[in-house]
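Enquirer: To start, I am sharing the structure in question, which I have written as C-alpha cells.
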Amino acid sequence: MRVGEESGHTNAPVAGVRSFLRDALIWCVPSLAAGLLVRALLLAYRPYAYWSDDSISYGAFARSVLEEGEWSMDPKRRWLYPVWVLATRLLPGPDLVWLGWLQQALGLAALIGLACAIRASLAHWRPILPVLTLWLALHPAPLHYGSTVLAESLLLPCILLALGAWALWVSGDRWAGPAGWAFVATFAAFLLLKPSSRFALPGAAVALWMVSRRARLRPLQWAALVPCLLLLGPMGSREMGKWLMLTSSFPLVRIDTGRLAPLKQEIADLVTRARQSIDSYYIMDRELGVKEFLGDPSKQETRPEWRELGEKANREKRLGAYGALAIEGILARPDLMAFIALQRAVVAFSQNEPLAQLRADFMPTKIRGEDFARNLEPKWLRQTRGLFGLPASGPPPTQDSLCARVSRAGRGWAADAVCAVVTPVLDWSRLFGPPDGMDRRLSVWDFRPTPTGWLVLMGGVLSLALPRYRAVAGAWALIAASYIAGVYAVGSGHPRFYLPALPMVVLAAGVTVDAAITAMALAWRGRRRGTRPDASGANGGFGP
Numbered sequence: 032m033r034v035g036e037e038s039g040h041t042n043a044p045v046a047g048v049r050s051f052l053r054d055a056l057i058w059c060v061p062s063l064a065a066g067l068l069v070r071a072l073l074l075a076y077r078p079y080a081y082w083s084d085d086s087i088s089y090g091a092f093a094r095s096v097l098e099e100g101e102w103s104m105d106p107k108r109r110w111l112y113p114v115w116v117l118a119t120r121l122l123p124g125p126d127l128v129w130l131g132w133l134q135q136a137l138g139l140a141a142l143i144g145l146a147c148a149i150r151a152s153l154a155h156w157r158p159i160l161p162v163l164t165l166w167l168a169l170h171p172a173p174l175h176y177g178s179t180v181l182a183e184s185l186l187l188p189c190i191l192l193a194l195g196a197w198a199l200w201v202s203g204d205r206w207a208g209p210a211g212w213a214f215v216a217t218f219a220a221f222l223l224l225k226p227s228s229r230f231a232l233p234g235a236a237v238a239l240w241m242v243s244r245r246a247r248l249r250p251l252q253w254a255a256l257v258p259c260l261l262l263l264g265p266m267g268s269r270e271m272g273k274w275l276m277l278t279s280s281f282p283l284v285r286i287d288t289g290r291l292a293p294l295k296q297e298i299a300d301l302v303t304r305a306r307q308s309i310d311s312y313y314i315m316d317r318e319l320g321v322k323e324f325l326g327d328p329s330k331q332e333t334r335p336e337w338r339e340l341g342e343k344a345n346r347e348k349r350l351g352a353y354g355a356l357a358i359e360g361i362l363a364r365p366d367l368m369a370f371i372a373l374q375r376a377v378v379a380f381s382q383n384e385p386l387a388q389l390r391a392d393f394m395p396t397k398i399r400g401e402d403f404a405r406n407l408e409p410k411w412l413r414q415t416r417g418l419f420g421l422p423a424s425g426p427p428p429t430q431d432s433l434c435a436r437v438s439r440a441g442r443g444w445a446a447d448a449v450c451a452v453v454t455p456v457l458d459w460s461r462l463f464g465p466p467d468g469m470d471r472r473l474s475v476w477d478f479r480p481t482p483t484g485w486l487v488l489m490g491g492v493l494s495l496a497l498p499r500y501r502a503v504a505g506a507w508a509l510i511a512a513s514y515i516a517g518v519y520a521v522g523s524g525h526p527r528f529y530l531p532a533l534p535m536v537v538l539a540a541g542v543t544v545d546a547a548i549t550a551m552a553l554a555w556r557g558r559r560r561g562t563r564p565d566a567s568g569a570n571g572g573f574g575p
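So in my numbering, the last spot in the sequence shown is 575, and the numbers never skip.
Written out as C-alpha cells, the structure is:
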C-alpha cells in the first residue's frame, strides 16, 4: 500500500502532493485558529522576546557586525540563528518585538508540516489530524521558546517543515520533485541552526536508505547538501564538546588503569561516588559538582594535578586528557553511556518547566535578576538599547525602567487565560512520571510511562514494524531517536533539547490510535462477513 491510501479502499486512487496539501490546510484550520488566539494573548502581555543569558552569545555576531564592523561568529553559535538575529536588528523598532512576533508566526505556520505528515501516513487521518495539530499548537514549549532568543525558536519550525516536505516527497507523484527540494532546504536549515542538530544525521542516513525504493534524492540535491555538510565541520566549540563528553561519561572513567594515573588518582573518590549513583546520574552530576569541577579545574585546592591542568597555558593538554578519559570509559562500557543518555531523556520528557515561563511575571523577574545586569554594562549597552527600541543616546536604562517597559499592567488576565489553556496540554504531554514536586533524587527506574507515554512508545514500535507507517513515521522515528540519543549523551537533561523530537512524539501517538482504529475496523468487517480478519493490504490492513 502506498502512502496516503485509505484503509479498506484498495481500488481508490492514491492521493498526491496537491491533495495532501489541500487536505492538510483545510483540516488544520481549527488548530491554526486556536494557536493564533493563544499566541495573540501571549504577545499581548509579553510582546518582547526573552533575552536569556545564552542569548548574549547569539547576539554577539550582530553586535560585532554593526558596532565594530567585524565578522566574528562564536563556533558554538553557528550559523543561521546569529544571522537571523542580525536581520531583525536591521528592522525599525525594538529587536525583541520583531523576534517574538516573527518566530511565533513561523512556528504557527509550520504546523502545516505536521498536518501533511499525518495526512500522508495515517489511514484514518480525518478525526486524528485536528487533534494532533491542536496538541502541538497549544503545547507550552513551542509557545515559550518561540518568544526566546535561542536557536530552539527556529529548530522546531524547521524540523516540522522538513517532516511535512518528506511526507510529500515520498508520495512519489509528479509533484514530489519540488517537495524533495523543500526537504533538502528545510533539513539543511535545521542542521545549520545549532551544532547539536548533527546528531540527527545517522538517523537521517538510515531513513533515506529505508525509503530508497520509494524515493531518492537526485544527484543535484545531494550536491546541494554537500556545502551544508562541510559547514557542519567548524560548528561547535571543541572545548565545550570535550567538557560535556567527560561530564556525561564521568562515572565510566577507568580509575583502575595506568593511563593518566595521576589525574585518575585525584578523582577516584568522585568517580566512585558518581558510579554508585549511576541510576540517578541525571541529577547527581550537578549535586556532585562534576560539571563545575571539569568546567574550571584551576579552582581546585585538594587536587593539584587538576589545578595545574586547568591553567590557560595547558588548554590543549586539558582537552587531550578530557577526550582520552571519556573515550576510554565509553569504549569500556557503552551500555552505561547509553543508559545515562536514556535517563536524561526520560527525565526531560517528565518535566513541566515551560509553564512557569508563560506567567506574566516571568520577564520582569528575569530582568531584575543578576544574570541580566551584564546587559547594562558599557560593552553591551548599545546592543541593549536596540533590543528594547530605546534611543541611541540619553540616560542609560536601568533594570527597573526595562521592567516597566516589558510589563503590561492590566493584562494579567491574558496570562491567566494562556496558562489555563496550556496547563492540561502540558499535563497530557508528559511521557513519564512521577509528577513534578516529588523528590527529584530518584532512580530512573522510579519513572514510569504515563498513558501518553505508552501511546508514544507503542507508536514508535508500530511505525517501524508496520509497512503502512514506515515511509514517514518510521523514518522520522529513527531521526528523532538518533537526535535524542546524541543530544542527551553529551548534554544535560534540559527539556528544551527535546523540541526537535516533539513532532515525532505527536505523530507516534497518532500512529497508535490509527493502528487501533484499523484493527477494530478489520475485526468488525470480518465479523460481519463471517470470516477471520487478516493483516493484508487487501483488507485495508498494514501491508505495503
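All C-beta atoms, glycine included, are put in the ideal place defined by N, C-alpha and C.
Taking 7 Å as the limit between beta carbons, can you name the residues of its chain near Ser38, skipping five residues before and five after?
Expert: In this prediction, Ser38 scores a pLDDT of 39, lower than 50, which makes its location untrustworthy; no coordinate-derived value is stated.
Enquirer: Taking contact to mean at least 3 C-beta pairs separated by less than 8 Å, is the stretch 275-283 in contact with the stretch 349-365?
Expert: yes
Enquirer: Looking only at its own chain, which residues have a Cβ that is under 7 Å from the Cβ of Arg245, when we skip the five neighbours before and after it?
Expert: Cβ within range, chain order: Val201, Gly203 and Ala502.
Enquirer: The alpha helix (DSSP H) spanning Phe324 covers which residue range?
Expert: Val321 to Gly326
Enquirer: Throw me the rounded Cβ distance for the Val180 and Gly66 pair, which I believe falls under 8 Å.
Expert: Actually they are not in contact, since the Cβ atoms of Val180 and Gly66 sit about 21 Å apart, beyond 8 Å.
Enquirer: If you draw a straight line from the alpha carbon of Ala198 to that of Leu63, how long is it in whole angstroms?
Expert: 20 Å
Enquirer: Might you give, ordered along the chain, the residues of its own chain that have their beta carbon closer than 7 Å to the beta carbon of Leu530, omitting 5 neighbours on each side?
Expert: Ala172, Tyr176, Glu183, Leu186 and Leu187
Enquirer: Tell me, to the nearest whole angstrom, how far the beta carbon of Phe463 is from that of Val377; I am working on the premise that it is less than 8 Å.
Expert: 5 Å
Enquirer: For Leu291 versus Leu356, is the C-beta spacing smaller than 8 Å?
Expert: yes
Enquirer: Measuring only the C-alpha atoms, how far is Asp84 from Val69?
Expert: 26 Å
Enquirer: What does Phe463 pair with, by DSSP beta-bridge criteria?
Expert: Phe463 is bridged to Pro480.
Enquirer: When the Cα atoms are used, what is the spatial distance from Met469 to Phe51?
Expert: The predicted model places Met469 with a pLDDT of 49, which falls under 50 and marks its position as unreliable; any figure quoted below should be read in that light. Taking the straight line joining both Cα atoms gives about 45 Å.
Enquirer: Does the distance from the C-beta atom of Leu407 to that of Pro427 stay below 8 Å?
Expert: yes
Enquirer: When burial is assigned at 16 or more other CB atoms within 10 Å of the CB, is Lys295 buried or exposed?
Expert: In this structure Lys295 is buried. Its beta-carbon is surrounded by 16 or more other beta-carbon atoms within 10 angstroms.
Enquirer: What does the alpha-carbon distance come out to for the pair Arg49 and Lys273?
Expert: Taking the straight line joining both Cα atoms gives about 47 Å.
Enquirer: Apply the 10 Å Cβ neighbour rule to Ser243 and answer buried if 16 or more other Cβ atoms are within range, or exposed otherwise.
Expert: exposed
Enquirer: Where does Gly468 sit, in a helix, a strand or coil, going by DSSP?
Expert: Residue placement at Gly468 cannot be trusted, given a pLDDT of 49 that sits under 50; what the coordinates show is reported in the next sentence. In this structure, Gly468 counts as coil in the three-state DSSP scheme.
Enquirer: Given this structure, state the Cα-to-Cα distance separating Leu261 from Lys397, to the nearest angstrom.
Expert: 38 Å
Enquirer: Just to confirm the assignment: which complete alpha helix (DSSP H) runs, minimum length 4, are found wholly within the stretch 106-146?
Expert: 111-120 and 126-140
Enquirer: Provide the residue span of the alpha helix (DSSP H) that contains Arg245, from first to last.
Expert: That residue, Arg245, is in no alpha helix (DSSP H); it is neither H nor E in DSSP.
Enquirer: Measuring alpha carbon to alpha carbon, tell me which of Pro106, Val257 and Ile149 ends up nearest Arg499.
Expert: In this structure, Ile149 is the residue among Pro106, Val257 and Ile149 with its C-alpha nearest to the C-alpha of Arg499.
Enquirer: Figure out for me which residue from Val114, Ser424 and Ala305 has the closest Cα to the Cα of Lys322.
Expert: Ala305
Enquirer: Ordered along the chain, which non-local residues of its own chain (more than five positions away) have a Cβ less than 6 Å from that of Tyr76?
Expert: Excluding residues up to 5 positions away in sequence, Ala391, Arg439, Arg442, Ala445 and Ala446 lie with their Cβ nearer than 6 Å to the Cβ of Tyr76 in the same chain.
Enquirer: For Tyr76, report the span of its alpha helix (DSSP H) as first-last.
Expert: Val60 to Tyr76
Enquirer: Could you tell me the distance, in whole angstroms, from the CA atom of Leu412 to the CA atom of Ser178?
Expert: 22 Å
Enquirer: Taking Cβ to Cβ, would you say Ala80 is nearer than 8 Å to Gly131?
Expert: yes
Enquirer: For Leu386, which residues in the same chain have their Cβ closer than 8 Å to its Cβ, ignoring the five residues on either side in sequence?
Expert: Pro171, Cys450, Val453, Thr454 and Leu457
Enquirer: Answer yes or no: do Gln252 and Trp212 have a C-beta to C-beta separation smaller than 8 Å?
Expert: Taking 8 Å as the Cβ cut-off, Gln252 and Trp212 qualify as a contacting pair.
Enquirer: Can you give the beta carbon distance from Ile298 to Arg334, rounded, assuming they're within the 8 Å contact cut?
Expert: 7 Å
Enquirer: Less than 8 Å between the C-beta atoms of Pro123 and Phe419, yes or no?
Expert: no
Enquirer: Return the chain-ordered list of same chain residues with a C-beta closer than 7 Å to the C-beta of Met315, the five sequence neighbours on each side being excluded.
Expert: Ala305 and Ser308
Enquirer: Check whether the Cβ atoms of Arg29 and Gln430 sit closer than 8 Å, and answer yes or no.
Expert: With the chain running from 32 to 575 in the structure shown, residue 29 is simply not present.
Enquirer: So, with DSSP's three-state summary, where would you put Thr415?
Expert: helix
Enquirer: What is the rounded straight-line gap between the Cα of Tyr312 and the Cα of Ala540?
Expert: 29 Å
Enquirer: Report the option in Glu384, Val257, Leu373 and Trp166 whose CA atom is closest to the CA atom of Pro534.
Expert: Trp166
Enquirer: Do Gly195 and Leu509 count as a contact pair if the criterion is CB distance below 8 Å?
Expert: no
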